[in-house]
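K.L.:
The sequence shown begins at 1 in full-length UniProt numbering and counts up by one.
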Amino acid sequence: MVVDAAGGALPSLRTAVCMGEGLQREVARRILERAGPRLSLANFYGSTETENAAFPVPCLGDGGWESLTGRYLPAGRPQPNVSTHVLDPETLQPRPAGSEGEICFGGVLSDGYWQRPELTRQRFLDHPLLGRLYRTGDLGLWDPPLGLRVTGRADRQVKIRGIRVELEEVESLLL
Numbered sequence: 001m002v003v004d005a006a007g008g009a010l011p012s013l014r015t016a017v018c019m020g021e022g023l024q025r026e027v028a029r030r031i032l033e034r035a036g037p038r039l040s041l042a043n044f045y046g047s048t049e050t051e052n053a054a055f056p057v058p059c060l061g062d063g064g065w066e067s068l069t070g071r072y073l074p075a076g077r078p079q080p081n082v083s084t085h086v087l088d089p090e091t092l093q094p095r096p097a098g099s100e101g102e103i104c105f106g107g108v109l110s111d112g113y114w115q116r117p118e119l120t121r122q123r124f125l126d127h128p129l130l131g132r133l134y135r136t137g138d139l140g141l142w143d144p145p146l147g148l149r150v151t152g153r154a155d156r157q158v159k160i161r162g163i164r165v166e167l168e169e170v171e172s173l174l175l
């Protein structure tokens with residue numbers, strides 16, 4: 001992460017943007033600790049498999065977010081033309097507000113993965129009620145006052161400094 005590479009304080013930094021995955025509370029704390037309370041920290045949760053699925057959330061350095069629970073900060077509400085659903089990972093039925101499920105995006109989606117038909121079949125589906133969806137593999141829930149909250153992963157994929165790592169691939173190389 002850039003803030004770690006910079007080392008020391010960053011008092012001149014006024015705006016920082018975190019993009020892609022859910023913003024972990026610890027990452028936000030480290031950024032705000034180095035930059036100070038005047039920093040405007042924006043969280044953009046989204047996926048490259050969707051167009052403009054980011055959820056812009058201003059997270060000002062006033063510390064108000066520190067009272068929220070959970071590993072991740074709120075991801076906010078979707079952009080126009082993006083449908084966002086929290087579905088049961090097994091049945092693919094919508095989950096009620098406050099109940100955890102897999103985050104799925106609809107709207108403008110990629111056609112799939114280049115020369116990876118099996119992965120495309122796993123991640124992109126035609127839902128009978130919701131239309132074509134992309135299964136993110138992220139777990140989350142709808143929190144009515146805050147919007148979408150990312151809570152973890154449904155699979156064994158992890159992100160290390162923004163790079164996706166499949167744990168099965170690491171295991172196969174080690175065995």
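Think of the CB as a built atom: it goes at the ideal place given N, C-alpha and C, for glycine as much as any other residue.
Does the ligand MG have a heavy atom nearer than 7 Å to the CB of glutamate 21?
P.N.:
By its list of ligands, the structure shown contains no ligand whatsoever, and the ligand MG lies outside what it can speak to.
K.L.:
Using alpha carbons as the reference points, say which of Val27, Ala9 and Arg135 lies closest to isoleucine 160.
P.N.:
Translated into the one-based positions of the sequence shown, residue 160 becomes position 160. Checked all of Val27, Ala9 and Arg135; the closest Cα to isoleucine 160 is Val27.
K.L.:
When the distance is taken between beta carbons, is glutamate 90 closer than 8 Å to glycine 140?
P.N.:
As a first step, residue 140 must be located in the sequence shown, where it is residue number 140. As a first step, residue 90 must be located in the sequence shown, where it is residue number 90. It is not a contact, given that the beta carbons lie outside the stated cut-off.
K.L.:
Give the range of the beta strand (DSSP E) segment to which alanine 75 is assigned.
P.N.:
Along the sequence shown, read from residue 1 onward, the residue named residue 75 stands at position 75. From DSSP, the beta strand (DSSP E) with alanine 75 extends over 74 to 76.
K.L.:
Could you work out which residue in Trp142, Leu13 and Val158 is closest to serine 40 when comparing CA atoms only?
P.N.:
Working through the sequence shown from its first residue, we reach residue 40 at position 40. The residue with the shortest Cα to Cα distance from serine 40 is Leu13.
K.L.:
From the DSSP output, which residues share a beta bridge with aspartate 111?
P.N.:
Counting from one through the sequence shown, the residue named residue 111 turns up at place 111. In the DSSP output, where bridge partners are listed per residue, aspartate 111 has none listed.
K.L.:
State whether the stretch 112 to 125 contacts the stretch 74 to 90, with contact taken as three or more CB pairs (one from each stretch) at a distance under 8 Å.
P.N.:
Cβ pair count under 8 Å is below three, so no.
K.L.:
Distance, Cα to Cα, arginine 95 vs glycine 137?
P.N.:
Within the sequence shown, residue 95 is the residue found at index 95, counting from 1. Within the sequence shown, residue 137 is the residue found at index 137, counting from 1. Their Cα atoms are separated by approximately 15 Å.
K.L.:
From what residue to what residue does the beta strand (DSSP E) around alanine 16 run?
P.N.:
Indexing the sequence shown from 1 puts residue 16 at position 16. Element bounds for alanine 16: 15 to 20.
K.L.:
Could you give the distance in angstroms between the alpha-carbon of arginine 153 and the alpha-carbon of aspartate 111?
P.N.:
Taking the first residue of the sequence shown as position 1, residue 153 is located at position 153. Taking the first residue of the sequence shown as position 1, residue 111 is located at position 111. The alpha-carbon atoms of arginine 153 and aspartate 111 are separated by roughly 23 Å.
K.L.:
Which same chain residues, not among the five before or five after valine 168, have their C-beta less than 8 Å away from its C-beta?
P.N.:
As a first step, residue 168 is located in the sequence shown; it is residue number 168 there, counting from the start. It should be noted that the sequence gives glutamate, not valine, for residue 168. The answer, listed in chain order, is Arg156.
K.L.:
Could you say which of Phe105, Arg25 and Leu32 lies nearest to alanine 16 if we only look at CA atoms?
P.N.:
The sequence position of residue 16 within the sequence shown is 16, counting from 1. Cα-wise, what sits closest to alanine 16 is Leu32.
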